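Everything on this sheet refers to the single structure shown next.
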Amino acid sequence: MDFKRITLFCGHYGSGKTNIALNYAYLLRKETEKVVIADLDIVNPYFRTGDSADDLKARDIRLIISPYAGSNVDIPALPQEMYAITDDPSLTCVIDVGGDDRGALALGRLAPAILEENNYEMLFVINGNRPLTRTVEDTVEVMREIEYAGGIPFTAIVNNTNLGRETTAEGVLASEEYAKAVSEQTGLPIKMTCAFGTVARELEGKIPHLFPLELQSKIE
Amino acid sequence: MANKVLMKGNEAIAEAAIIAGCRHYFGYPITPQTEIAAYMAKKMPKIGGTFLQAESEIAAINMVYGVASTGHRVMTSSSSPGISLKSEGLSYLAGADMPAFVVNVQRGGPGLGGIQPSQADYFQSTRGGGHGDYHMIVLAPASVEEMAALTVKGFELADEYRMTSMILADGTIGQMMEPVDLDGLKVNPAPEKPWATVGTDCKRFHNITNSLSLVPTELEQQNFDRYKKYDVIKEKEVMYEEYMMDDAEICIVAFGIASRVSKNAINEARKKGIKVGLIRPITLWPFPEKVLHDTVGKCHTYISVEMSMGQMIEDVKLSTECRGKYVLCNRAGGMIPSPEQVLAAIEEANKGGAK
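Protein sequence lines, in the order shown, are assigned to chains A and B. Letter 192 of the first sequence, counting from 1, is numbered 192 in this note's numbering, and no numbers are missing. Every number in this note's numbering is 220 more than the matching position in the second sequence, counting from 1.
Structure representation (structure tokens):
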């Protein structure tokens, strides 16, 4: 898979950004050294990349995250270490941005440098089964709000349409229509379609740009 | 295939409230239930409803009182410390017999506490919370699907009995995502509300909604009447789930996320041949007293699995007249019991056996 120096994952909250960002970082680490995953979520104190800190360490991926993430200190803090993303061009960075336009505000400080360097991908993660992004119109509205808040235009779409444990291969295939409609309306290509474990194996060869995921944060 | 969406518990409450006909939401953000307010902020303007972020929890609950007086379906939501702030308003709603729907997605306490899930507001909600003699109907969902279903039910019960119904959830159920079939939600039409303050058209005497009553004999009569209504609710509206109770000698009582942990532990214990089952109260008030009482003589031990220092266990003892052995299996402060912890409690109770 082609990749840029900086890959940003944005989208509606609960669209699956964190999990995809982790999987993407694992993939990048197989291809290059000095991979960084940065968690810039200032909205949600739960379900953070920090939950996978041990796993990231074992895979030699550097984690940049607010020391308050996942703690009981529920404040919208960003780590000062985040400046490494734009200051150190030897790094390959995956950025997990918080949900919605409010989350994307966190990008404001980095956006000018990212745009100037112009070696980035800004990916819009969509799940057509989430209640506020079920229609193409609603999805595009969320996308515009994020772009406006974050100051970086999207470059591609990541289709992560799923129903959690009830996801089926048929459901993912059917979501292609929704993803294509979002693609047509925005002019953005579909970079990948995500699917978990057995569903991903069922979809092999049936869907272009399939990105198989491992579930990183488990809630029983 | 059913038309399913993947929702957080908090979102399920918000969407189900809209489906139930609620067009008025007043609240103040607090983790772990802020998604309810965020969802309403996004949706209400599109459907001609009202979303208002009040200046405080106290303001929000009194706005609820205002809309309730007009007979429209209305709600507010908060988490533990915010519910304490709303408690005065909850008492006023009870005193004025106003129907309202309130959500508490609990976090660890007391005080400002933490942001991890808890069930330590059991006493507060089942005993009223505010001052005076009153109850709220308290509903305890154990899944995202139930968050939606019990929200609809909550609006219906509030209207039917002219009182507050409350969803008592915990942060886990509020935050977790599960598929929900929204088309499966059926809403009964709201009853007539001849008491609502919606203008007289000069055809009748004006209505008043009020909780001030300065004549003690009248105030006493209001209390008597209200408690007669509560008796009807206790008779008609108790909801619970039984799991593997047919031959159970050990009875676990748990609600919300603690009941799901307990089911896992029961499945493991059953593999070891231990006769254990679960009674899951879905209404915490009215508490399923009768079904618990019916287990007396059949179950030797009751294990109350709670995310608090042990609150519901008092209702378990009262319902069974203290005629068994009672074990509290708990975590507190935002921690969740593990299936292993519950299994260990079951095995310990099984060693004790009947006496």
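Think of the CB as a built atom: it goes at the ideal place given N, C-alpha and C, for glycine as much as any other residue. As the structure is a computational prediction, the values presented were derived from the model and not from experiment.
Proximal residues to Tyr111 (chain A) (C-beta, below 7 angstroms), its chain only, five neighbours per side dropped
The displayed chain sequence assigns Ala, not Tyr, to residue 111 (chain A). Gly150, Gly151 and Ile152.
Less than 8 angstroms between the C-beta atoms of Ser298 (chain B) and Ile250 (chain B), yes or no?
yes
In this structure, does DSSP put Glu166 (chain A) in helix, strand or coil?
helix
Going by DSSP in three states, Ala378 (chain B) sits in which element: helix, strand or coil?
helix
Closest Cβ-Cβ distance between Glu166 (chain A) and chain B: below 8 angstroms?
yes
Residues in the same chain with beta-carbon distance under 7 angstroms from Glu220 (chain A), minus the five sequence neighbours each way, listed in chain order, please.
For Glu220 (chain A), the predicted structure reports a pLDDT of 37, less than 50, and the residue's modelled location is therefore unreliable. The matter cannot be settled from this model.
Per DSSP, cross-strand counterpart(s) of Tyr342 (chain B)
Tyr342 (chain B) pairs with nothing; no bridge assigned.
Residue closest to Cys93 (chain A), alpha-carbon to alpha-carbon, out of A:Arg165, A:Asn19 and A:Glu33:
A:Glu33
Which whole runs of the alpha helix (DSSP H) in the segment 510 to 542 of chain B are 4 residues long or more, in chain order?
532 to 539
Would a check of beta-carbon distances place Lys228 (chain B) closer than 8 angstroms to chain A?
yes
Strand pairing of Val358 (chain B), partner residues [DSSP]
B:Met386 and B:Trp505
Thinking just about the alpha-carbon of each residue, which of A:Gly99, A:Gly98, A:Ala113 and A:Leu105 is nearest to the one in Thr86 (chain A)?
A:Ala113
Would Tyr342 (chain B) and Met295 (chain B) be called neighbours here (beta carbons separated by less than 8 angstroms)?
no
Closer than 8 angstroms between beta carbons: that is the criterion. Which residues of the segment 130 to 149 of chain A meet it against chain B?
Arg130, Pro131, Leu132 and Arg134
What residues in the segment 327 to 357 of chain B bring their beta carbon closer than 9 angstroms to a beta carbon of chain A?
Gly328, Gly333, Gly334, Ile335 and Gln336
Between which two residues does the beta strand (DSSP E) holding Met122 (chain A) run?
Tyr120 to Ile126
Check whether Leu504 (chain B) and Ala410 (chain B) have beta carbons under 8 angstroms apart:
no
Proximal residues to Lys218 (chain A) (C-beta, below 8 angstroms), its chain only, five neighbours per side dropped:
Confidence at Lys218 (chain A) is low in this model, with a pLDDT of 49, below 50, so its placement is unreliable and no value can be given for it.
For the candidate residues B:Asn427, B:Gly349 and B:Glu567, whose alpha-carbon lies nearest to that of Ala316 (chain B)?
B:Asn427
Tell me where the beta strand (DSSP E) around Lys454 (chain B) begins and ends.
Where Lys454 (chain B) is concerned, there is no enclosing beta strand (DSSP E), although the alpha helix (DSSP H) it sits in stretches over Pro436 to Lys456.
Endpoints, beta strand (DSSP E) assigned at Asn324 (chain B):
Ala320 to Gln326
Taking the continuous alpha helix (DSSP H) assigned at Glu235 (chain B), which residues delimit it?
Gly229 to Ile239
Which of the residues in the segment 171 to 191 of chain A, read from start to end, lie with their CB under 9 angstroms from any CB of chain B?
Gly171
Give the straight-line distance between the Cα atoms of Pro399 (chain B) and Pro131 (chain A), rounded to the nearest whole angstrom.
11 angstroms
Check the Cβ-Cβ distances between Gly14 (chain A) and every residue of chain B, and say whether any is below 8 angstroms.
yes
Count the C-beta pairs between the segment 549 to 568 of chain B and the segment 513 to 529 of chain B that are closer than 8 angstroms, then say yes if the count reaches three, no if not.
yes
On the DSSP bridge list, what partners appear for Asn159 (chain A)?
A:Ile126 and A:Thr193
Beta carbon of Thr161 (chain A) nearer than 8 angstroms to that of Asn129 (chain A):
yes
Note down, in chain order, every chain A residue with its Cβ under 7 angstroms from the Cβ of Thr251 (chain B).
Pro45 and Asp74
Using a Cβ cut-off of 8 angstroms, pull out every chain A residue sitting near Lys224 (chain B), in sequence order please.
Asn129, Leu163 and Glu166
Residues in the same chain with beta-carbon distance under 7 angstroms from Arg543 (chain B), minus the five sequence neighbours each way, listed in chain order, please.
Val516
By a C-beta neighbour count over all protein chains shown, 10 Å radius and 16 as the cutoff for buried, is Val73 (chain A) buried or exposed?
exposed
Do you know how far the Cα of Lys571 (chain B) is from the Cα of Phe196 (chain A)?
43 angstroms
List, in chain order, every chain A residue whose beta-carbon is nearer than 7 angstroms to that of Pro399 (chain B).
Leu163, Gly164 and Glu166
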